[in-house]
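Engineer: Below you'll find the structure I mean.
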Amino acid sequence: MHDSEERYPPPLCHEGTREVVISRIEGWYGLEVLPKKIMWVHAPAGYGKTAVAGTVSKKMESRTDLDFNPVGATFFFSRTSQERNSPARFIITLAYQFTISIPELAPHIEAAVKRNPMVLNKALEAQVTKLIVEPFKSLGELDNMPHRLVIIDGLDECINSDQESRVEKQYAEDQERVQVRILDLIRTLHSHNLPLCFLILSRPEPWIKQHIGSKSFQSITETLDLYQVGDHIKDVETFVRAELARIAEHLDPQPGDDEEWPGEDTVKDFLQRTGGHMLYAATVVRHIGDPYGDSRQRLQDILRGEFNSSQDLTHSTPFSSLHELYRQILRSCPQANRATMVGVLEELLAATGEFRPRTKVQAAFNILDRLCGRAPGRGIKAVRPLHAVIRLSGDDDGNSSNSPFFYHSSFAEFLRITSQPLPDVTINGQRGLSRVLAGCLKALSAITMDGQVCEEHVRFSMDCWLNLWSQLKPITDADLSSHSKALLAADLTACFVHSVRLDHGFFRCLFNLYHPNRNFIVLNRPFPVFTPLIEDLLSHFRSSVDACFQHVLDPEFFNSHRLDFYYKTLHLSLYMMEISKHRPVPAFDNLVQALSGLLEKRETCFKKLEESVEEWVYRRDLHSVFEDSGPAVMDMFKRARQDVE
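Numbering-wise, the sequence shown is residues -14 to 630 according to the numbering used here.
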């Protein structure tokens, strides 16, 4: 939601900027009869779409001329937030907000959930019908109900699996299909003539543009190009003059100054370099506004850098000036710290998506220091000169990337596509990933069956090593050998058992567990040099998973750990699917025997477990996961009953 804690402080337009586009949106919403109930606002990254969405939400909610809240619901997708880079929570979040913005809907939505609590885990299309369409229809006549605005920002950042469960697919969901699915859900809502209108903001990705331009959308959608609307140069000038004046208030006068810093010529030079790009301007302001640096000198360093004034920055290469700025900021890092800075940047690229939502920046840096063998605080100190592009505390201004580290995704993208941003600086994300993974595997060795998982870096390692391994492209054979030996040394059984107990998912590694070359360890990658080592690793991995479920099915474990059956049995369901497909010996017999033991000593638990597994394997929206394995999986419970009888 636009005012949620996860987004605090939310990006908003600077006062006096983006007024034309905001006015266009307000004018569209204010029409007595809306000819088109969907508006798509698009622009490249860094042009302030999220700030526009936030500002519209805030302005609409503060209107005093209406006796109702015009904002029906909002949803801000984010590619780096595990909760907001998939559509799983999209419909239920909208429905929840409708109960607040349209109070008369609340009892009908509540009744829908009470009738069938499983609706919260149904396919999104079913949720639309049960949680939104039918409750609206229950109100009867809707013609006199005022339209509510639904704001959906960052559609292009919906990139992950569209499954409503916590299943992690082995391969990433096709982002084009996921984003088009969201558009189709919006079109479905529109087709029922509900008192809703939709404001969608995103980058102009080709598939989004094509879908909105199709016959089914064209007649109901108004398109607004944020770049074409309004005076970007004027907006940036308003912002720059206000921010430079703010910084000047804290500067001591310099001898011989004839005018107040920075001077009109300097301001004009700065404005020319922005090319109307607000992100560039905001990044420069953040860079020169550091109270511990020399603002005058930093601004001069940027303005004296190489610059091609004839280049059309905003059309042909819209980010060339921004990338030159990023290079200038990298140059500000002392030579003595360059090696550490490079290492930390590589690790941030590898790990930025691995931290849980709302992880504090300081805590995240501490974890990376611990994993990569640095003294506490060394990492954050090394990148302190990069404070304009990297967040160094949880109190910094809002960031549009929602990464724990990067103010905006463009800096991370710059580092990835520009492997050598400076002559003496080479960035290799795989090198950073390899170091973080090595630290995680070393931390796993501290996990024992009877111990507690308390230290933050160990919890992070247990959470993330699987994902890091799946992205690994070993730079050298020595790297692969080292990682494989470290994994062999870890008590993976204890790691998996703790994952079940603490509700840390390890679904990814269960898919194709017994497949010869599509299993999690190999993932179709050729390992010709270390075949014996990989065979040992595969054997260790599979036997650890087998032993984990033997332990979890032990009646005493059930008795001492109050399991959340619904989600924790998903692990078991996936494991049983793989066992039923490949019937490995002795894993198959051991699993049936463990189920028999549970039935003998905890019949109630056995029945509850059987019901939960059956619910998972026959869920229609998970058919692509479980396929037709349901009968074979449930046959294991029958075998267990026969053994006991």
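Even for Gly, the Cβ is constructed at its ideal location relative to N, Cα and C. On a predicted model such as this, the values are computed, not experimentally measured, just so you know.
Taking Cβ to Cβ, would you say SER273 is nearer than 8 Å to VAL327?
Structural biologist: Checking the sequence, you will find Ile at residue 273 rather than Ser. No; because the gap between Cβ atoms is not below 8 Å, this pair is not in contact.
Engineer: From the DSSP output, which residues share a beta bridge with ARG133?
Structural biologist: Bridge partners of ARG133: LEU181.
Engineer: Can you tell me where the beta strand (DSSP E) with ILE23 in it begins and where it stops?
Structural biologist: From DSSP, the beta strand (DSSP E) with ILE23 extends over 23 to 27.
Engineer: Under the assumption that PHE83 contacts ILE94 (Cβ atoms under 8 Å), give the Cβ distance between them as a whole number of angstroms.
Structural biologist: Sure, about 7 Å apart at Cβ, within 8 Å.
Engineer: VAL530 CB to nearest chain C CB: under 8 Å?
Structural biologist: Here chain C cannot be found, since the structure has a single protein chain.
Engineer: Rounded to the nearest angstrom, how far is the Cβ of SER581 from that of ASP628, given a contact under 8 Å?
Structural biologist: Confirmed, about 4 Å.
Engineer: Take LEU179 and list the residues in its own chain whose beta-carbon comes closer than 8 Å to its own, dropping the five residues that flank it on each side.
Structural biologist: Only ILE117, VAL118, PHE121 and LEU127 meet the Cβ criterion.
Engineer: Where does GLN148 land, buried or exposed, given buried means 16+ other C-beta within 10 angstroms?
Structural biologist: Residue placement at GLN148 is poorly supported in this model, since its pLDDT is 47, which falls under 50; the coordinates are not used for a value here.
Engineer: Are ALA38 and SER395 close, meaning C-beta to C-beta below 8 Å?
Structural biologist: Going by C-beta atoms, ALA38 is not nearer than 8 Å to SER395.
Engineer: Closest by CA to ASP435, which one among ASP237, LEU429, ALA479 and LEU184?
Structural biologist: Looking at the Cα atoms, ALA479 is the closest of the given residues.
Engineer: Give the C-beta separation of LEU132 and CYS182 to the nearest angstrom, bearing in mind that I take them to be a contact with Cβ-Cβ under 8 Å.
Structural biologist: Sequence inspection shows His at residue 132; the Leu mentioned does not correspond to that position. Confirmed, about 5 Å.
Engineer: Just to confirm, is the Cβ distance from LEU426 to ALA463 under 8 Å?
Structural biologist: No, they are not a contact pair.
Engineer: Using the DSSP secondary-structure output, state which residues sit across from PHE391 in a beta bridge.
Structural biologist: Paired residues: ILE375.
Engineer: To the nearest angstrom, how far is the alpha carbon of HIS177 from that of PHE591?
Structural biologist: Distance between the alpha carbons of HIS177 and PHE591: 45 Å.
Engineer: Are VAL135 and GLY215 touching if we call contact CB-CB under 8 Å?
Structural biologist: No. Outside cutoff.
Engineer: Using CA coordinates, which residue listed in LEU457, ASN70 and GLN160 is at the minimum distance from PRO191?
Structural biologist: Ranking LEU457, ASN70 and GLN160 by Cα distance to PRO191 puts GLN160 first.
Engineer: May I have the straight-line CA-CA distance separating GLU46 from PRO55, to the nearest angstrom?
Structural biologist: Approximately 7 Å between the Cα atoms of the pair.
Engineer: Bridge partners for GLU520 per DSSP, in chain order?
Structural biologist: Paired residue(s): none; GLU520 is not in a bridge.
Engineer: I'd like the span of the alpha helix (DSSP H) that includes LEU209, first residue to last.
Structural biologist: Counting along the chain, LEU209 falls outside any alpha helix (DSSP H), though it belongs to the beta strand (DSSP E) covering 206 to 210.
Engineer: Could you give the residue range of the beta strand (DSSP E) that holds ALA30?
Structural biologist: Here ALA30 belongs to no beta strand (DSSP E), and DSSP marks it neither H nor E.
Engineer: Since I believe VAL374 is in contact with ILE287 (beta carbons under 8 Å), could you give me their beta-carbon distance rounded to a whole number of angstroms?
Structural biologist: Contact flag wrong, Cβ pair sits at about 13 Å.
Engineer: Name the DSSP beta bridge partners of SER187, please?
Structural biologist: Partner(s): HIS27.
Engineer: With a cut-off of 8 Å on the beta carbons, I'd call LEU168 and ILE197 a contact; round off their distance for me.
Structural biologist: The Cβ separation is near 7 Å, so the contact holds.
Engineer: Would you grab the beta carbon distance between LEU353 and GLU332 for me? Rounded to a whole angstrom, and I think it's under 8 Å.
Structural biologist: Right, the Cβ-Cβ distance comes to about 5 Å (below 8 Å), so this counts as a contact.
Engineer: Counting along the chain, where does the beta strand (DSSP E) carrying GLY615 start and finish?
Structural biologist: Not the beta strand (DSSP E): GLY615 falls in the alpha helix (DSSP H), residues 615 to 629.
Engineer: Give every residue of the same chain whose Cβ lies closer than 6 Å to the Cβ of ASP381, excluding the five residues on either side of it in the sequence, and list them in chain order.
Structural biologist: The predicted model places ASP381 with a pLDDT of 43, which falls under 50 and marks its position as unreliable, so this point remains unresolved.
Engineer: Would ASP138 and PHE53 be called neighbours here (beta carbons separated by less than 8 Å)?
Structural biologist: Going by C-beta atoms, ASP138 is not nearer than 8 Å to PHE53.
Engineer: For the alpha helix (DSSP H) containing GLY57, name the first residue and the last one.
Structural biologist: Counting along the chain, GLY57 falls outside any alpha helix (DSSP H), though it belongs to the beta strand (DSSP E) covering 56 to 61.
Engineer: Determine, using beta carbons only, whether GLU(-10) and ASN70 come nearer to each other than 8 Å.
Structural biologist: In this structure, ASN70 does not lie closer than 8 Å to GLU(-10) by Cβ.
Engineer: If distances are taken between C-alpha atoms only, which option among ARG281, PHE445, GLN456 and LEU377 comes closest to ARG416?
Structural biologist: When only C-alpha atoms are compared, the closest one is GLN456.
Engineer: To the nearest angstrom, how far is it from the Cα of LEU124 to the Cα of MET103?
Structural biologist: Near 23 Å, if we compare the C-alpha coordinates of MET103 and LEU124.
Engineer: ILE23 and ILE218: beta carbons closer than 8 Å?
Structural biologist: The answer is no: Cβ separation not under 8 Å.
Engineer: Helix, strand or coil for ASP297, going by three-state DSSP, please let me know.
Structural biologist: Its pLDDT being 34, under 50, ASP297 is placed unreliably by the model, and nothing is read from it.
Engineer: Do ARG376 and VAL421 come within 8 Å of each other at the CB atom, strictly closer than that value?
Structural biologist: Not closer than 8 Å, so no.
Engineer: Quick one: measure Cβ to Cβ for LEU407 and ARG312, integer angstroms, because I've assumed they're closer than 8 Å.
Structural biologist: The Cβ separation is near 6 Å, so the contact holds.
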